[in-house]
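Shown next, in structure tokens, is the structure this report addresses.
2 protein chains.
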Amino acid sequence: MSGTERAVRARTRARPGEGQLLREEILLAAQTLLDEAGDESALTLRAVATRTGVSTPAVYRHFADKSALIAAVCMRVWETLGAVVREAIEAAADDPFQGLRHGAVAYMRFGLQHPVQYRLLMMGAPRPGEPGPQQEAAMACLRYLTEAVEPCVAAGVLRGDPQQIALRALATVHGCTALVIAHPYFPWPQDPDDFLDAAARTSGLGTAALGWLESEPREAAPTTAQYAEAFRDWAAALR
Amino acid sequence: MSGTERAVRARTRARPGEGQLLREEILLAAQTLLDEAGDESALTLRAVATRTGVSTPAVYRHFADKSALIAAVCMRVWETLGAVVREAIEAAADDPFQGLRHGAVAYMRFGLQHPVQYRLLMMGAPRPGEPGPQQEAAMACLRYLTEAVEPCVAAGVLRGDPQQIALRALATVHGCTALVIAHPYFPWPQDPDDFLDAAARTSGLGTAALGWLESEPREAAPTTAQYAEAFRDWAAALR
DNA sequence: CTGCGAGGTTGACGACGTCAAGTTGACAGT
DNA sequence: ACTGTCAACTTGACGTCGTCAACCTCGCAG
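Sequence lines, in order, name chains A and B. Position one of the first sequence corresponds to residue 31 (the working numbering), numbered consecutively onward. Position one of the second sequence corresponds to residue 31 (the working numbering), numbered consecutively onward.
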């Protein structure tokens, strides 16, 4: 059904040394296809090539195979996502705890606005073996988060290893985003922001409380009553 | 490369009225293929048919198309996952707050032990339109969680709409599971259970604290200092 | 004006999901 | 025992997919 798509315009062959131009056009066509169809199955080498006004195997001059093309698309998305989150965190730099919250909401909002791209990023098949540039980008994203957590630890709002705290925070925001995308029929609040904000606060509060609780190691898992006691200490220390 | 797989054994044709036998064997073969390959791309109609000792179109006598076969596999997984979680929750029924924690850990453990199946469940393409049996199963899973949250609300440990609380809890456990599966190279703790348990506690504590905080509505987002004050109230009320 | 290499095209292969048509064989009815 | 019927399957084909080998083609260096 999509096999009948025709070229948007005629292409003039790139001159030697300017092959990067086609690479750019291919990437653009791939992103456009994703956005239009809202379905990653529409991302076909043939469709991308046709849309670019070029024959299918021409793509192979610029990308090793289909997964390399997808990886390149993902890199673009990673960069955008990283920029959006960092911007949100820095916009509330005066209160690091609130900065984290804004970063989290920005992350989730981005995911919900670009569900197909987000699927590609986070729900693609896990690459076997070597840590390619894509893993590098994901690690960079985690690094941003860790750097945003560190001021909170320094200020005494959070306790524990900043990287582990960042991991749990990332898991929370990813969970919200992925769950809304994958199960839209769940009884979500009318305004998605309500859910995102509540989730971000839950994560922040829980992390703060847990850090306090863990700072005095216990033998067994604490009871609910012990949780309450730890909370009192936390609140008192923050006054 | 996988096209050369041969039948495991010769099949004797089912007698009229016993076609369900083949359906069962097909489902089994599909699950085996997933487990062996650890990759959902190995789940091919041809591979399933060959493994079952039958021609490819024979599958269509029992499943409308490939997605119907996948959906049937998912239903099996949903049932197992639901049973595992419910069992864990009921094992700690005396302290509902701890019951939730155990349910969460059980959920995540299941996902990490069956990553391919979990991907199929939660990361499949979102079905358009009508709420099929698969959405029904997901809703049932959410219902279990909601029922586990309700005693906590009744006991005063948590506050708010049980369903919304359950949604946030599900988002948290899903986020942990999905993130570990999709990004195994992240600096996770050596023992996965450490992460799972910390995440479950974080979510529980955060939800409890947030519920307390939200019970007296505010105009703007609370500051970090206000969070601390709310914590003190929570701890006092739980004594 | 000529060769050559970067930047493409053509045509084909095998694997995939899917369908239309034919085949087989266990049972019911006589 | 013979036959018809219908569920259960097989055969063969179509179109699409990713991928590859071989060929073409143009702009520029010599």
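For each residue, glycine too, the CB sits at the ideal point set by N, CA and C.
| query | First and last residue of the alpha helix (DSSP H) that includes T89 (chain A)? | reply | In the sequence under discussion, the amino acid at residue 89 (chain A) is Val, which differs from the Thr named in the question. Looking at the DSSP string, V89 (chain A) is not in any alpha helix (DSSP H), and its letter there is neither H nor E.
| Against chain B: residues of the region 170 to 191 of chain A by CB proximity under 7 Å | L172, V187
| From this set, B:R45, B:A178, B:V146, which residue's C-alpha is nearest V107 (chain B)'s C-alpha? | B:V146
| What is the C-beta distance between A201 (chain A) and L209 (chain B), in whole angstroms, given that I count them as a contact (C-beta under 8 Å)? | 5 Å
| request: Output, in chain order, the set of chain A residues within a Cβ distance shorter than 7 Å of T74 (chain B). | output: The contacting residues do not exist; T74 (chain B) stays about 15 Å from chain A at best.
| query | In this structure, does DSSP put Q61 (chain B) in helix, strand or coil? | reply | helix
| said: Tell me which residues share the same chain as E244 (chain B) and place their Cβ nearer than 8 Å to its Cβ, disregarding the 5 neighbours each side in the sequence. | reply: R189, G190
| query | Of all the residues that make up the region 80 to 96 of chain A, which are near chain B by a beta-carbon distance shorter than 9 Å? | reply | none
| Among A:C104, A:P214, A:A196, A:R76, which one has its Cα closest to the Cα of F225 (chain B)? | A:A196
| message | Rounding to the nearest angstrom, what Cα-Cα distance links A229 (chain A) and V203 (chain A) in this structure? | response | 8 Å
| CA-CA distance, Y257 (chain A) and A199 (chain A)? | Computed Cα separation, rounded: 20 Å.
| field | Cβ-Cβ distance between A155 (chain B) and D65 (chain A) below 8 Å | value | no
| said: Restricting to runs no shorter than 4 residues, where is the alpha helix (DSSP H) found entirely within the region 183 to 249 of chain A? | reply: 192 to 212, 222 to 244, all fully within the region 183 to 249 of chain A.
| said: Considering only their Cβ atoms, is the gap separating P217 (chain B) from Q193 (chain A) smaller than 8 Å? | reply: yes
| field | Beta-carbon spacing of Y174 (chain B), V135 (chain B) below 8 Å | value | No, Cβ-Cβ distance for Y174 (chain B) and V135 (chain B) is not below 8 Å.
| task | Using a threshold of 8 Å, state whether the C-beta atoms of A79 (chain B) and S85 (chain B) are closer than that. | result | yes
| task | For the alpha helix (DSSP H) containing T110 (chain A), list its first residue and its last residue. | result | 96 to 121 is the span of the alpha helix (DSSP H), which, as asked, contains T110 (chain A).
| query | Nearest-angstrom Cα distance between A121 (chain B) and H132 (chain B)? | reply | One C-alpha to the other measures close to 8 Å.
| query | Looking at the C-beta of D69 (chain A), does it have a partner C-beta in chain B at a distance below 8 Å? | reply | yes
| query | Where does S233 (chain A) land, buried or exposed, given buried means 16+ other C-beta within 10 angstroms? | reply | buried
| message | Any beta carbon of chain A sitting closer than 8 Å to that of Y137 (chain B)? | response | no
| For chain B, is any of its Cβ atoms less than 8 Å away from the one on S245 (chain A)? | no
| chain B contacts from the region 205 to 221 of chain A (Cβ-Cβ distance under 9 Å) | G205, C206, T207, A208, L209, V210, I211, A212, H213, P214, Y215, F216, P217, W218, P219
| Partner residues on chain A for L64 (chain B), Cβ-Cβ distance less than 7 Å | The premise fails here: L64 (chain B) is roughly 13 Å from chain A at the closest Cβ pair, so nothing lies under 7 Å.
| query | Whole-angstrom Cβ separation of C206 (chain B) and G205 (chain A), contact assumed at under 8 Å? | reply | 7 Å
| task | Let me know if Y215 (chain A) comes out buried or exposed under the rule of 16 or more other beta-carbons within 10 Å of its beta-carbon. | result | exposed
| field | Beta-carbon spacing of A77 (chain A), L57 (chain A) below 8 Å | value | no
| task | Output yes if chain B places a C-beta closer than 8 Å to the C-beta of Q193 (chain A); else output no. | result | yes
| query | Taking all protein chains shown into account, do 16 or more other C-beta atoms lie within 10 angstroms of the C-beta of Q50 (chain A), making it buried, or fewer, making it exposed? | reply | exposed
| request: Measuring only between beta-carbons, confirm whether D125 (chain A) sits less than 8 Å from chain B. | output: yes
| Between the beta-carbon of V179 (chain A) and the beta-carbon of A238 (chain A), is there less than 8 Å? | no
| By how many angstroms is the C-alpha of G141 (chain A) removed from the C-alpha of Q143 (chain B)? | Put simply, the backbone Cα of Q143 (chain B) is about 27 Å away from that of G141 (chain A).
| Would E48 (chain B) be called buried (16 or more neighbouring beta carbons within 10 Å of its own) or exposed? | exposed
| How is the alpha helix (DSSP H) around G162 (chain A) delimited, first residue to last? | Careful: G162 (chain A) lies outside any alpha helix (DSSP H) and carries neither H nor E.
| said: Less than 8 Å between the C-beta atoms of L130 (chain A) and I119 (chain A), yes or no? | reply: yes
| field | Member of B:T42, B:Q164, B:R91, B:D125 whose CA lies at the smallest distance from the CA of A184 (chain B) | value | B:D125
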